[in-house]
Amino acid sequence: MLAGQKFDPSALASMLTNLGHSGWLGMQYHAHGDDWVELALPWREELVGIVGDGTLASGPIISLMDNATSMGVWTRRGSFAPQVTLDLRVDYMRAAEPRKTLIGRGQCYKLTRSIAFVRGIAYQDDPEDPVAHVAGTFITMVGQ
Amino acid sequence: MTIPSGPALAAIDDLLPPYARELGMIAERIEDGLPVLAYDFSNRVQGRPGYLHGGALSGLLEMAAIAALRSDLARRGVVARLKPVNIAVEFMRGGTSQRTYALGRITRAGRRMANVVAEAWQDDRTKPIATALMNILLVPERD
Chain A
2 MLAGQKFDPS ALASMLTNLG HSGWLGMQYH AHGDDWVELA LPWREELVGI VGDGTLASGP
62 IISLMDNATS MGVWTRRGSF APQVTLDLRV DYMRAAEPRK TLIGRGQCYK LTRSIAFVRG
122 IAYQDDPEDP VAHVAGTFIT MVGQ
Chain B
203 MTIPSGPALA AIDDLLPPYA RELGMIAERI EDGLPVLAYD FSNRVQGRPG YLHGGALSGL
263 LEMAAIAALR SDLARRGVVA RLKPVNIAVE FMRGGTSQRT YALGRITRAG RRMANVVAEA
323 WQDDRTKPIA TALMNILLVP ERD
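Residue numbers (the numbering used here), protein chains in the order written: chain A, 2 to 145; chain B, 203 to 345.
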């Protein structure tokens, strides 16, 4: 995928999420708007965080939100541009329920020449009852 | 002080959840009484080609923070369930295709809350690739 190319989340998310870590996690495209993208992470045993418990580990939640917010930036920009995560903060409201798909919604609420400001939620059935809230920043690598 | 301690490392490995094992995490050594976790580079932890995924790196930092807290609590005879409240990760350098290490340190562990910092590095210990700050709630075990 080339920098500057038109970014269509629904078409490109499947390609991005089929590679490496995101592919192993099993992330899928779910929905998108003008400045946000939703990715889905189906539950499975290998992603469990506590031995003998069915609760999802928080690592996969961070990965889901990193990808969803990252794609939110390209969606707001309207094109793909290389970027790296500067920081990401995750607040856990509650444990994710076992055997349920987790949806990660990542929104880019401000885009400057160098920095993209993002926020998002991870939820299962109800966006009003999120599993986690996130906030973070990305730095754009264009023009370096 | 580094103690090569086979049984202690195996005990820490036993506490690693499926998620950590699947990504190849192991307890590599004990440093100042706290475990250094590590994994090798593989497709499972890769983000953009040739680099670690930020989420996979955050996962290693989080597991190192929790493993450090467990070791600390066990040494003090405290039995508690750990509930992560939040984590803030700073990414300093891109992680490349080599072994990655992470070590958590307890800033403060009281009766209800623990503040833990974790640092990840690769071939140069003086150049961390990412750090994490975690606040973890300690819930007393009922029985």
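Heads up, the beta-carbon is just placed ideally off N, CA and C, and yes, glycines get one too.
> Is A/A1 close to chain B, meaning its C-beta is less than 8 Å from at least one C-beta of that chain?
Replying inline: Only positions 2 to 145 of chain A appear in this structure, which leaves residue 1 of chain A out of reach.
> How many angstroms separate the CA atom of B/T309 from the CA atom of B/A316?
Replying inline: 8 Å
> Taking the alpha carbon of B/I289 as the point to measure from, which residue in B/S299, B/E264, B/G296 has its own alpha carbon closest?
Replying inline: B/E264
> Listing by chain order, which chain A residues have their CB less than 7 Å from the CB of B/E264?
Replying inline: Per Cβ cutoff of 7 Å: S59, G60.
>> What does DSSP give as the partner residue(s) for A/K111 in the beta ladder?
In response: A/F118
> Cβ of A/M28 within 8 Å of Cβ of A/L65?
Replying inline: yes
>> Does the CB of A/E47 have a neighbour CB from chain B at under 8 Å?
In response: Chain B has a Cβ within less than 8 Å of the Cβ of A/E47.
> A/W44 by DSSP, collapsed to three states: which one?
Replying inline: coil
> What residue ranges within the stretch 36-108 of chain A form continuous alpha helix (DSSP H) runs of no fewer than 4 residues, ordered along the chain?
Replying inline: 59-78
> When the Cα atoms are used, what is the spatial distance from A/R100 to A/E47?
Replying inline: Taking the Cα positions, A/R100 is about 12 Å away from A/E47.
> Going along chain B in order, which residues have a C-beta closer than 9 Å to the C-beta of A/V132?
Replying inline: By Cβ distance, chain B contributes nothing, its closest Cβ being about 12 Å from A/V132, past 9 Å.
>> Is there a Cβ of chain A sitting closer than 8 Å to that of B/S273, yes or no?
In response: no
> Which chain B residues are close to A/T18, counting only those with a beta carbon under 7 Å from its beta carbon?
Replying inline: Correct list: empty, because the minimum Cβ distance to chain B is about 11 Å.
>> Is any non-hydrogen atom of the ligand GDP found closer than 7 Å to the C-beta of A/W37, if you look at the structure I gave you?
In response: This structure lacks the ligand GDP, and indeed carries no ligand of any kind.
>> Using beta carbons (cut-off 8 Å, strictly below), is B/P237 in contact with chain A?
In response: No, its Cβ sits nowhere closer than 8 Å to a Cβ of chain A.
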